[in-house]
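Line by line, the protein sequences are chains G and W.
So for the first sequence, numbering that gives the first Met the number 0 puts the first residue at 0; every next one is plus one.
So for the second sequence, numbering that gives the first Met the number 0 puts the first residue at 0; every next one is plus one.
Where is the CB? At the ideal position from N, CA and C, for every residue including glycine.
Remember, predicted model here, so these are calculated numbers, not experimental data.
First the structure, in the form of structure tokens, and then the observations on it.
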Amino acid sequence: MNLQSKDLLNMPHPSADHLDLLEAEALFILREVTAECRHPVLLYSGGKDSAVLLHLAYKAFHPERIGLALLHIDTGHNYDEVIAYRDRMAERYDCQLHVRNVEDSIRKGSVRLRHQLESRNPHQSVTLMEAIAEFGFDACLGGARRDEEKSRAKERIVSVRDEFGQWEPKNQRPELWSLYNTRVAPGNHVRVFPISNWTELDVWQYIQREDIELPKLYFSHLRDIVRRGDILVPVTHLTPANHGDTVETISCRFRTVGDISCTAPVASTAITVADIIAETTQCLLTERGATRLDDRASEAAMEQRKKEGYF
Amino acid sequence: MNISAHPSLDNEMTELAPNQSPSGLLRFITAGSVDDGKSTLIGRLLYDTGNVAADQLASIQATSQKRGLAAIDWSLLTDGLIAEREQGITIDVAYRYFSTARRKFIIGDAPGHEQYTRNMVTAASSADLAILLVDARKGVITQTRRHAYLAHLLGIRELVLAVNKMDLVDWQPSIYQAIVDEFNAFVGQLGRHHVQAIPLSALNGTNVATHAEAITWYDGPSLLEHLETIPSRRDADQAPLRLPVQRVVRVMMGNGANDATDVEFRGYQGTLASGHLQVGDEVEVMPSGHRARVTRLNIAERALQKASADSSVVVSLDREIDISRGDMLSDPVHPPRAIKIITADVCWLSEQPLQAQGKYLIKHTTRTVNALFDDLSYRVDVNTLAHEAVPEKTVMNDILRVRLKLQQPLFVDSYADNRTTGSFIVIDPVSFHTVAAGVII
Chain G
0 MNLQSKDLLN MPHPSADHLD LLEAEALFIL REVTAECRHP VLLYSGGKDS AVLLHLAYKA
60 FHPERIGLAL LHIDTGHNYD EVIAYRDRMA ERYDCQLHVR NVEDSIRKGS VRLRHQLESR
120 NPHQSVTLME AIAEFGFDAC LGGARRDEEK SRAKERIVSV RDEFGQWEPK NQRPELWSLY
180 NTRVAPGNHV RVFPISNWTE LDVWQYIQRE DIELPKLYFS HLRDIVRRGD ILVPVTHLTP
240 ANHGDTVETI SCRFRTVGDI SCTAPVASTA ITVADIIAET TQCLLTERGA TRLDDRASEA
300 AMEQRKKEGY F
Chain W
0 MNISAHPSLD NEMTELAPNQ SPSGLLRFIT AGSVDDGKST LIGRLLYDTG NVAADQLASI
60 QATSQKRGLA AIDWSLLTDG LIAEREQGIT IDVAYRYFST ARRKFIIGDA PGHEQYTRNM
120 VTAASSADLA ILLVDARKGV ITQTRRHAYL AHLLGIRELV LAVNKMDLVD WQPSIYQAIV
180 DEFNAFVGQL GRHHVQAIPL SALNGTNVAT HAEAITWYDG PSLLEHLETI PSRRDADQAP
240 LRLPVQRVVR VMMGNGANDA TDVEFRGYQG TLASGHLQVG DEVEVMPSGH RARVTRLNIA
300 ERALQKASAD SSVVVSLDRE IDISRGDMLS DPVHPPRAIK IITADVCWLS EQPLQAQGKY
360 LIKHTTRTVN ALFDDLSYRV DVNTLAHEAV PEKTVMNDIL RVRLKLQQPL FVDSYADNRT
420 TGSFIVIDPV SFHTVAAGVI I
């Protein structure tokens, strides 16, 4: 029996009151962590989830300024537009922005690449841990969501990491009610995910409701791509077309925006947030399934990376 | 046995007024023993509501085939960790999301066997409803009773008795009815609950997301219909105002947000644990006992006339009172108890045994205080509900009735009256681990 028909697919809700509840939960978490932790920081990449998180932080502190600095771990492989957007948002929300570069870790020798064009995404962990040590952060707030990936679904909202940044899935702190335990031993820190309980669709509905600005890459535009199986690889200086590839110019958008070498766009004609919500509602592929080259390496790619300190 | 007895099941308490529509979010948990079909039920719910993406489906289909299985192994969808897939077991609670045109759902998917109490308590703490799975061939077993008790302990009033694998007993109504009767008799001893029993087949999807017309003797809802229409805890929350203060906001020259026009501002941030708050309302501030009126209510720049439970707000008062994080704004007519000795049921969550002489930290709402276990009254056998002498060594999953002595007062209600002001966690001040969860009597 196959009931997987269009009319049953996750339709937008008639009432948006679930967004109020998700928002209230996130504001609560942001306030708890900033009230209890000594030196928290907000991880900010300029992607849609961190855009939502920054907006939530604005609401959590209002009428005070956001009481958190932003930290971006720059792989050096970002789209220029996203970097410009990042800087603009830091200024708009009046936040101090710390940028630490994977390039510097490569120069120091703490990150070693197998080859020059290798994805730098997994290596962010090293630079992130270096930044945590440098600033003495005891809490890193980030925009990760449990619906992104199966192992993410298992992680607590307040997740303890040791001095290597490792996540221990078998030894997590129980987390009950909304009583978050933010205490950590010296050298350890917590990763905090205020939008854990949000889905991709919730994020887009919230972006629409709150009119949150995003990089244009999230909306349809014309781009040169090469088809590799079912993945559209953008033609860039980091992911050039190989000899014999057919380069096509198509209308596409990004569902996730990260390191150029590992994020792929999807074919789309959506030019407004409403269009994207409609597409997300109808889409049969997960956000990462269609777009992330690195999660496909094995069934447990994300879990492995997180054990190594990845966000 | 010391169990409050309410022999009749009470359906009235959770019914909504006809003009109210249920909230757009429902949190529920599923519980059952290993082979009762929990993963299959969750997989089926997700699949039949169109919440399994094509790439996920392709991936679990391929793995099922590789393992030589005739049908899809839905546990592959929910077991996310390498160790879980290797061992074919669920290690930890996972949260799943799905939505229909009517509602969004968060499933707390707790493992059925290993470390059952602790995981079930964790998942149940945030749930509005519990689905208890029973294999129609086996009927109500010890684990069903245990799960019902834990759901009760955690204050879940909405129970679904999902009688699964009905196809394997030829949909015989007598078998179903016997299970329902036995379950109701047991749950009736625990207190006030609303039980919806549903005969179903998770594997075939019968009565899961669609209604089985062929089962003429059952005229109740399908599982999904029930989940879509049942009120959440929030819909029924008529409790008096409780607003634990999370942060004090002060705006002076220079620290205002971009568009904040106030030169000076003082307000209190927090989430309404229960009740409503309106501009003009008088509140009592715990612990000072001072009263003040609400002059402003905000969510960021949006001014509200009225806020309801679960809203995360900023409150301004009409006079300057010394208020800090951990204090509580409450209904002056029905204030919480301010007490330094609390009686509670705790579930021990840690592998480290309880140190009866040791000092612990209690985190209750936004207040953390030092505490000592003053008395360990008894241990509950979660299988029989009998009260036993407290063993020499308290181990993980034990449920104990205790008395705690606190260094400073907490502002509490009983858990039965208020899940937020009636609950706490116990933190080990040396390891910083969360070692126990408690519900106040």
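{"Query": "For S310 of chain W and D19 of chain G, the rounded distance between their alpha carbons", "Result": "8 Å"}
{"Query": "Minimum C-alpha distance to I174 of chain W - residue among W:Q64, W:I197 and W:L202", "Result": "W:I197"}
{"Query": "DSSP state of G266 of chain W mapped onto helix, strand, coil", "Result": "strand"}
{"Query": "Residue interval of the beta strand (DSSP E) (run including G107 of chain W)", "Result": "K103 to D108"}
{"Query": "Closest residue to V159 of chain G among G:F136, G:V234, G:E117 and G:H188 (Cα-Cα distance)", "Result": "G:H188"}
{"Query": "Coarse secondary structure for N43 of chain W, derived from DSSP in three states", "Result": "One point to set straight first is that residue 43 of chain W is Arg, not Asn, in the sequence displayed. Helix, per DSSP."}
{"Query": "Cβ-based burial, S219 of chain G [other Cβ within 10 Å; buried from 16]", "Result": "buried"}
{"Query": "Assumed close pair L67 of chain G, C36 of chain G - CB separation to whole angstroms, cut-off 8 Å", "Result": "Going by Cβ atoms, the distance from L67 of chain G to C36 of chain G rounds to 10 Å, so no, they are not a contact pair."}
{"Query": "Three-state class that DSSP yields for G187 of chain W in the structure shown", "Result": "helix"}
{"Query": "Cα-Cα separation, I439 of chain W to A130 of chain G", "Result": "42 Å"}
{"Query": "Reduced DSSP category for Q3 of chain G - H, G, I as helix; E, B as strand; rest coil", "Result": "Model confidence at Q3 of chain G stands at a pLDDT of 38, short of 50, so the residue's coordinates are unreliable and nothing is read from them."}
{"Query": "Sequence-distant residues of its chain with Cβ nearer than 6 Å to H122 of chain G (five each side left out)", "Result": "V101 and V110"}
{"Query": "Residue closest to I140 of chain W, alpha-carbon to alpha-carbon, out of W:T209, W:G31 and W:V207", "Result": "W:G31"}
{"Query": "One or two residues paired with I276 of chain G in a DSSP bridge", "Result": "Its beta-bridge partners do not exist; DSSP assigns none."}
{"Query": "Secondary structure of A208 of chain W, DSSP reduced to three states", "Result": "coil"}
{"Query": "Cross-strand partners of Q195 of chain W (DSSP beta bridge)", "Result": "W:V159"}
{"Query": "C-alpha gap between E224 of chain W and R191 of chain W, whole angstroms", "Result": "23 Å"}
{"Query": "N254 of chain W at chain G interface by Cβ criterion, 8 Å", "Result": "yes"}
{"Query": "Spatially closest choice to A238 of chain W from W:E227, W:S38, W:A415 and W:P286, by CA coordinates", "Result": "W:A415"}
{"Query": "Beta-carbon spacing of E311 of chain G, T121 of chain W below 8 Å", "Result": "Given that chain G is displayed from residue 0 to residue 310, the structure contains no residue 311 of chain G and the question cannot be resolved."}
{"Query": "Burial state of P39 of chain G, where buried means 16 or more other Cβ atoms lie within 10 Å", "Result": "buried"}
{"Query": "The region 125 to 142 of chain G touching the region 268 to 275 of chain G, judged by at least three CB pairs closer than 8 Å", "Result": "no"}
{"Query": "Range covered by the beta strand (DSSP E) that runs through D373 of chain W", "Result": "R366 to V379"}
{"Query": "Beta-bridge pairing of T342 of chain W - partner residues as DSSP gives them", "Result": "W:R402"}
{"Query": "Whether N163 of chain W touches G42 of chain W by CB criterion (8 Å)", "Result": "no"}
{"Query": "Residues near G46 of chain G by beta carbon distance below 6 Å, same chain, minus five either side", "Result": "V256"}
{"Query": "Exposure of H76 of chain G, with buried meaning 16 or more beta-carbon neighbours within 10 Å", "Result": "buried"}
{"Query": "For R113 of chain G, three-class secondary structure by DSSP", "Result": "coil"}
{"Query": "Cross-strand partners of N100 of chain G (DSSP beta bridge)", "Result": "G:D73"}
{"Query": "Meets three-Cβ-pair contact criterion under 8 Å: the region 394 to 407 of chain W and the region 326 to 334 of chain W", "Result": "no"}
{"Query": "Residue(s) in a DSSP beta bridge with G255 of chain W", "Result": "G:E63"}
{"Query": "Presumed contact (8 Å Cβ cut-off) between V411 of chain W and S323 of chain W, rounded CB distance", "Result": "Not really, about 19 Å apart at Cβ, beyond 8 Å."}
{"Query": "Residue(s) in a DSSP beta bridge with S200 of chain W", "Result": "W:T205"}
{"Query": "Closest Cα partner of H114 of chain G within the set G:Q281, G:T279 and G:L237", "Result": "G:L237"}
{"Query": "P428 of chain W versus F136 of chain G - alpha carbon distance", "Result": "21 Å"}
{"Query": "Residue-chain proximity (R145 of chain G, chain W), Cβ-Cβ < 8 Å", "Result": "yes"}
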